[in-house]
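Asks:
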Amino acid sequence: MPFRTRITDMLNIEHPVIMGGMTGVGTPQLAAAVSNAGGLGMIAIHNAGSPEAGRQWIQMLKSLTNKPFGVNLTILPTIGKPPPYMQYAQVIVEEGVKVVETAGSNPSKFIKFFKDNGIITIHKCVTIRHALSAERHGVDIISLDGCECAGHPGEDDVGNFVLQAKGAMVLKTPFLCSGGVGTGSQLAAALALGADGVNCGTRFCATQECSWPSSFKQRMVEGNETDTVLMLRKLRNTSRVFKNKVAKAAAAIEKEKGNDFQFSDVAHLVNGKRGRTAEKNGDADGGIWTAGQVVGLIQDIPTCQELMDQMIQEAEETIQDRLSKMMVVTSSRL
15 MPFRTRITDM LNIEHPVIMG GMTGVGTPQL AAAVSNAGGL GMIAIHNAGS
65 PEAGRQWIQM LKSLTNKPFG VNLTILPTIG KPPPYMQYAQ VIVEEGVKVV
115 ETAGSNPSKF IKFFKDNGII TIHKCVTIRH ALSAERHGVD IISLDGCECA
165 GHPGEDDVGN FVLQAKGAMV LKTPFLCSGG VGTGSQLAAA LALGADGVNC
215 GTRFCATQEC SWPSSFKQRM VEGNETDTVL MLRKLRNTSR VFKNKVAKAA
265 AAIEKEKGND FQFSDVAHLV NGKRGRTAEK NGDADGGIWT AGQVVGLIQD
315 IPTCQELMDQ MIQEAEETIQ DRLSKMMVVT SSRL
């Protein structure tokens, strides 16, 4: 039977499972597959390359699903001219998008803009203090990311077993458990800890609809929970990526340089152009690619529908069969 939480009600989705907005793989095709499977698919609009191309992506997504979907807008500091974030935001509004996920820098300006236009806002937070700040700015849903997550886990290294429980203690806003999630038992655990759903990224990358080459997906199947690397820690811009040859080389340079480490020492290894070329060539060791510790739980490459069905069934069985049998009924004493 479907789960009903505050988030399924707010987003009008069947299952409390969200696809996080992801650079590179956050395409209309993958987002539509997740939405059609009963979750909330999410495109990362900056993947399109320009605001007008982003409009075309949204229109494509509408043609691929009649179910709810969202759009991610990631706001990050840049060395040169920043992307036209407000133009992207305007396109999102003009196209009638109902749900937006923000990530990165302080989103207060964009949260107000989206909420003034009747859009439900989700914001990614890696710490409780950031979540409380987002709550004060009026965000509707918080994606609470444990350090297990792919991409940027922050610098505090708080795992989800503590982070989610603390979120339940201090947050009034509904929140998603994000980072390291890929199974139904974890969904059940997240709900038990106080979350109203889960946000999955890496796990949806290991599906048939994901645009990543089969070599990347197979490496995830073969990997284990220790097959990721935390890079750029010395710069306080930590990134979790898959532990391939390039990532290990970059990590070795960072360790060797110590406090003298600069981004320029590894730029030739970790730049996005190299990563996109490796992806195009199907070379899983040719560049860095983000992956969370959930790679240790990935055992197959299903369709998004098959994955969703597996997760929901396992969550139900965990609660109804495993946990309920642990409850001991005692007779009351007079």
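Numbering of the sequence shown is given in the numbering used here, commencing with residue 15 and proceeding in unit increments.
Glycine included, every Cβ here is placed at the ideal spot set by N, Cα and C.
Note that this is a predicted model, so its numbers are computed, not measured.
When you compare the CB positions of T240 and V255, do they come within less than 9 Å of one another, or not?
Replies: no
Asks: Using DSSP with H/G/I as helix, E/B as strand and the rest coil, what is A58?
Replies: strand
Asks: Using DSSP with H/G/I as helix, E/B as strand and the rest coil, what is L246?
Replies: Of the three classes helix, strand and coil, the one that applies to L246 here is coil, per DSSP.
Asks: Which residues does DSSP pair with V350 in a beta bridge?
Replies: No information on residue 350 is available, as it lies outside the stretch 15 to 348 that the chain covers here.
Asks: What three-state label does DSSP hand G215 in the structure shown?
Replies: Note: G215 maps to coil in three-state DSSP.
Asks: Express the C-alpha separation of M341 and S230 in angstroms, rounding to a whole number.
Replies: Per the sequence shown, the amino acid found at residue 230 is Phe instead of Ser. Cα to Cα, the separation comes out at about 43 Å.
Asks: Among V140, E109, E149 and H144, whose alpha-carbon lies nearest the alpha-carbon of K126?
Replies: E149
Asks: Considering only the alpha carbon of each residue, which of N80, T197, S77 and E66 lies closest to P98?
Replies: E66
Asks: Is there at least one non-hydrogen atom of the ligand GDP closer than 8 Å to the beta-carbon of P65?
Replies: Among the components of this structure there are no ligands whatsoever, and the ligand GDP is therefore not found.
Asks: Taking the straight line between their C-alpha atoms, what separation do you get for Q222 and A103?
Replies: 30 Å
Asks: Alpha carbon to alpha carbon, how far is K186 from F124? Give it in angstroms, no decimals.
Replies: 21 Å
Asks: Following the continuous alpha helix (DSSP H) through C318, name the residue where it begins and the one where it ends.
Replies: C318 to E331
Asks: Looking at V114: is its Cβ nearer than 9 Å to the Cβ of T135?
Replies: yes
Asks: Distance check for G55 and D323, CA to CA, integer angstroms please.
Replies: One alpha carbon belongs to D323, the other to G55, and they sit about 15 Å apart.
Asks: If you draw a straight line from the alpha carbon of V235 to that of T344, how long is it in whole angstroms?
Replies: Approximately 45 Å, taken between the alpha carbons.
Asks: Given a cut-off of 9 Å, decide if L87 and A62 are closer than it, judged by their beta-carbon atoms.
Replies: no
Asks: Using only CA atoms, which one of K259, L205, A182 and T304 lies nearest to E330?
Replies: L205
Asks: Which same chain residues, not among the five before or five after C214, have their C-beta less than 6 Å away from its C-beta?
Replies: V195
Asks: Out of L207, M245, M33 and G132, state which residue places its alpha-carbon closest to the alpha-carbon of E169.
Replies: M245
Asks: Rounded to the nearest angstrom, what separates G34 and G306 at their Cα positions?
Replies: 12 Å
Asks: List the residues that DSSP assigns as beta-bridge partners of S192.
Replies: D159 and N213
Asks: Classify E162: buried if its beta carbon has 16 or more other beta carbons within 10 angstroms, exposed otherwise.
Replies: Taking a 10 Å sphere around the C-beta of E162, we find 16 or more other C-beta atoms and assign the residue as buried.
Asks: Which of helix, strand or coil does DSSP assign to T19?
Replies: Coil, per DSSP.
Asks: Look up M100 in the DSSP assignment and say whether it is helix, strand or coil.
Replies: helix
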